[in-house]
Amino acid sequence: MIQDNATAGGVIPMFDAKKTIGATLAGIRRKTYQVLDIVVMDDGSTDGSASIVTACAEKDQRILFHLRTRRG
């Protein structure tokens, strides 16, 4: 049985996810349990998805964003 004070965390790997990342983060943020950290790892997106995650991270301190140069 899940307790009311359950916590969670997760890592979201991302590359050029402009069409889906906003809805993904919104869905996770709506969960009823307290989320500790949502780590988004971007592998050098070029489609503007990084700016979506940055905007979400500015509104919600639980979202941690790591951007790196594309490695393949």
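Taken in order, the sequence shown gives residues 167 to 238; the numbers are from our numbering. Even for Gly, the Cβ is constructed at its ideal location relative to N, Cα and C.
Residue burial classification, residue i (beta-carbon count within 10 angstroms, cutoff 16)
{"i": "A174", "result": "exposed"}
{"i": "P192", "result": "A quick correction: the sequence has Ala, not Pro, at residue 192. It is exposed - the Cβ of A192 has fewer than 16 other Cβ atoms within 10 Å."}
Heavy atom of the ligand MG within 7 angstroms of residue i beta-carbon
{"i": "A221", "result": "Of the ligands one can find in the structure shown there are none, so the ligand MG has no counterpart to examine."}
Nearest residue (CA-CA) to residue i, options the options
{"i": "D182", "options": "A223, R195, I218", "result": "I218"}
CB contact flag (residue i, residue j, <8 angstroms)
{"i": "D208", "j": "A216", "result": "yes"}
{"i": "R236", "j": "G210", "result": "yes"}
Separation of residue j from residue i, as counted between CA atoms
{"i": "I229", "j": "V177", "result": "10 angstroms"}
{"i": "A189", "j": "T212", "result": "19 angstroms"}
Alpha helix (DSSP H) segment containing residue i, residue limits
{"i": "T186", "result": "That residue, T186, is in no alpha helix (DSSP H); it is neither H nor E in DSSP."}
Segment limits, beta strand (DSSP E) that includes residue i
{"i": "T212", "result": "Premise fails: T212 is in no beta strand (DSSP E) and is neither H nor E."}
{"i": "T235", "result": "From DSSP, T235 is part of no beta strand (DSSP E); its letter is neither H nor E."}
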